[in-house]
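**Student:** Protein chains in written order, with numbering that gives the first Met the number 0: chain A, 0 to 125; chain B, 0 to 125. Ideal Cβ positions, reconstructed from N, Cα and C, are used throughout, including at glycine. Keep in mind the model is a prediction, meaning the values are calculated, not measured.
There are 2 protein chains.
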Amino acid sequence: MLTRTMEAAGRPHDDVLYVGALEIRPMDGLVVAGGRALNLSVREFGLLVALARSGGGIVRREDLYQRVWGGALRGGDRSIDVYIHKLRVKLEEALPDCRFIHTHVGFGYRFSPEPSHAFHIPATGR
Amino acid sequence: MLTRTMEAAGRPHDDVLYVGALEIRPMDGLVVAGGRALNLSVREFGLLVALARSGGGIVRREDLYQRVWGGALRGGDRSIDVYIHKLRVKLEEALPDCRFIHTHVGFGYRFSPEPSHAFHIPATGR
DNA sequence: TCGGGTGTTCACCGGTCTTTCACCAGGTAT
DNA sequence: ATACCTGGTGAAAGACCGGTGAACACCCGA
Numbered sequence: 000m001l002t003r004t005m006e007a008a009g010r011p012h013d014d015v016l017y018v019g020a021l022e023i024r025p026m027d028g029l030v031v032a033g034g035r036a037l038n039l040s041v042r043e044f045g046l047l048v049a050l051a052r053s054g055g056g057i058v059r060r061e062d063l064y065q066r067v068w069g070g071a072l073r074g075g076d077r078s079i080d081v082y083i084h085k086l087r088v089k090l091e092e093a094l095p096d097c098r099f100i101h102t103h104v105g106f107g108y109r110f111s112p113e114p115s116h117a118f119h120i121p122a123t124g125r
Numbered sequence: 000m001l002t003r004t005m006e007a008a009g010r011p012h013d014d015v016l017y018v019g020a021l022e023i024r025p026m027d028g029l030v031v032a033g034g035r036a037l038n039l040s041v042r043e044f045g046l047l048v049a050l051a052r053s054g055g056g057i058v059r060r061e062d063l064y065q066r067v068w069g070g071a072l073r074g075g076d077r078s079i080d081v082y083i084h085k086l087r088v089k090l091e092e093a094l095p096d097c098r099f100i101h102t103h104v105g106f107g108y109r110f111s112p113e114p115s116h117a118f119h120i121p122a123t124g125r
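(1) Is the shortest distance between the beta-carbon of A:V31 and the beta-carbons of chain B less than 8 Å?
(2) Counting only the same chain and skipping the five closest in sequence on each side, list residues whose C-beta sits under 6 Å from that of B:G45.
(3) Which residues mark the beginning and the end of the beta strand (DSSP E) in which B:A32 is found?
(4) Which term fits B:H103, buried or exposed, when burial requires 16 or more other beta carbons within 10 angstroms of its beta carbon?
(5) Closer than 8 Å is the cut-off here; do at least three beta carbon pairs connect the stretch 51-62 of chain A with the stretch 105-114 of chain A?
(6) Which of the three DSSP states, helix, strand or coil, is assigned to A:M5?
(7) What is the DSSP secondary structure of B:G19, reduced to helix, strand or coil?
(8) Starting from the Cα of B:E92, find the closest Cα among B:R35, B:D76, B:I79, B:P25 and give me that residue.
(9) Leaving aside the five residues before and after A:G33 along the sequence, list all residues of the same chain whose C-beta is less than 6 Å from its C-beta, in chain order.
(10) Write down the C-beta distance between A:K89 and A:E22 rounded to the nearest angstrom, noting that I regard them as a contact closer than 8 Å.
(11) Got a sec: is the Cβ-Cβ distance from A:L109 to anything in chain B below 8 Å?
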């Protein structure tokens with residue numbers, strides 16, 4: 000049994016989150032990618048933290064909205080989509096070789112550093 | 000970086016199914032095969048969960064339909080066939096050395112990890 | 001006041017998902 | 001053998017979902 004200081008699954012009160020080449024400091028509102036600090040807005044940062052804290056699992060859009068915006072996601076609200084996009088752009092620009100935000104249609108988003116894989120021939124599409 | 004993730008923590012994550020090299024998290028809509036997350040649609044995922052939960056027994060198509068689609072299977076409905084196929088393709092692509100979905104003609108499907116037969120050439124279909 | 005950054009909403013579009021159809025192969029019954 | 005049944009497979013139509021650019025209002029500092 001672990002008597003570790005990190006109850007990984009438990010609550011995310013971590014001082015610093017390391018995800019791939021990302022270093023996220025929720026307390027300081029700071030994200031460092033490859034030694035370079037990212038310039039994120041409040042929403043972008045909140046979204047990133049919420050994603051990074053989900054331990055590689057899928058987070059439903061309702062939950063994301065709840066955690067970042069607070070309150071229930073109303074039908075037709077596209078804020079999440081817009082900010083997922085903004086985040087993707089900034090992460091992509093900071094770390095072009097790594098994909099972090101993965102869409103699971105109908106389920107939500109998953110945050111995990113995966114190499115932006117070279118194109119392969121799609122046999123039967125997916 | 001941790002190779003072992005959070006499931007070691009306090010919570011009994013009994014909602015996780017392990018079948019062969021597959022790790023299925025019905026609650027999270029997530030399937031991991033060999034450390035890699037699968038990208039399944041809602042139907043594909045539902046079907047996989049229904050199959051994986053039947054403990055290696057044969058599931059009749061009527062029951063499958065009932066559990067995944069909800070409602071009675073109408074004559075002529077081929078949805079199950081189509082999605083069995085889609086699932087097979089994705090599982091095959093993720094774990095080429097293992098067959099999971101076995102057809103029992105006239106009875107239903109059985110879900111069980113079995114090694115793909117050594118080497119054969121699927122030249123003209125099968 | 002002006003200007004830039006930020007957050008929200010809208011509109012459009014493109015890709016994905018689901019269902020349905022058509023056709024085929026292999027097995028079963030007649 | 002012939003007809004039938006059952007499931008495999010590819011494709012197409014429409015619904016649905018998410019990606020993306022842009023417009024707009026707001027806030028705040030210069």
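**Tutor:** A quick look at the data gives this:
(1) As a working mapping, residue 31 of chain A is identified with position 32 in the first sequence. Judged by the 8 Å Cβ criterion, A:V31 is not in contact with chain B.
(2) Against the second sequence, residue 45 of chain B aligns to sequence position 46. For B:G45, where only same-chain residues beyond five positions count, the Cβ hits under 6 Å are V67.
(3) Sequence index remark: in the second sequence, residue 32 of chain B carries index 33 (1-based). Where B:A32 is concerned, the enclosing beta strand (DSSP E) stretches over 29-32.
(4) As a position in the second sequence, residue 103 of chain B is number 104, starting the count at 1. When all chains shown are included, B:H103 counts as exposed.
(5) The stretch 51-62 of chain A, when compared against the stretch 105-114 of chain A, does touch it at the 8 Å Cβ threshold.
(6) For this step, residue 5 of chain A is matched to residue 6 along the first sequence. Low confidence applies here, because A:M5 scores a pLDDT of 42, under 50, leaving its location unreliable; read the following figure in that light. Correct three-state label for A:M5: coil.
(7) Here residue 19 of chain B corresponds to residue number 20 of the second sequence, with the count starting at 1. It is coil, neither helix nor strand.
(8) Your numbering for residue 92 of chain B matches position 93 in the second sequence. B:E92 has its Cα closest to that of B:R35, out of B:R35, B:D76, B:I79, B:P25.
(9) By one-based count along the first sequence, residue 33 of chain A stands at place 34. Around A:G33: A20.
(10) Here the question's residue 89 of chain A lines up with position 90 in the first sequence. Here the question's residue 22 of chain A lines up with position 23 in the first sequence. Contact check for A:K89 and A:E22: beta-carbon distance about 15 Å, past the 8 Å limit, so the pair fails to qualify.
(11) Taking the first sequence and counting its residues from 1, one reaches residue 109 of chain A at position 110. The sequence given here has Arg at residue 109 of chain A, not Leu. Interface criterion met: the Cβ of A:R109 is under 8 Å from a Cβ in chain B.
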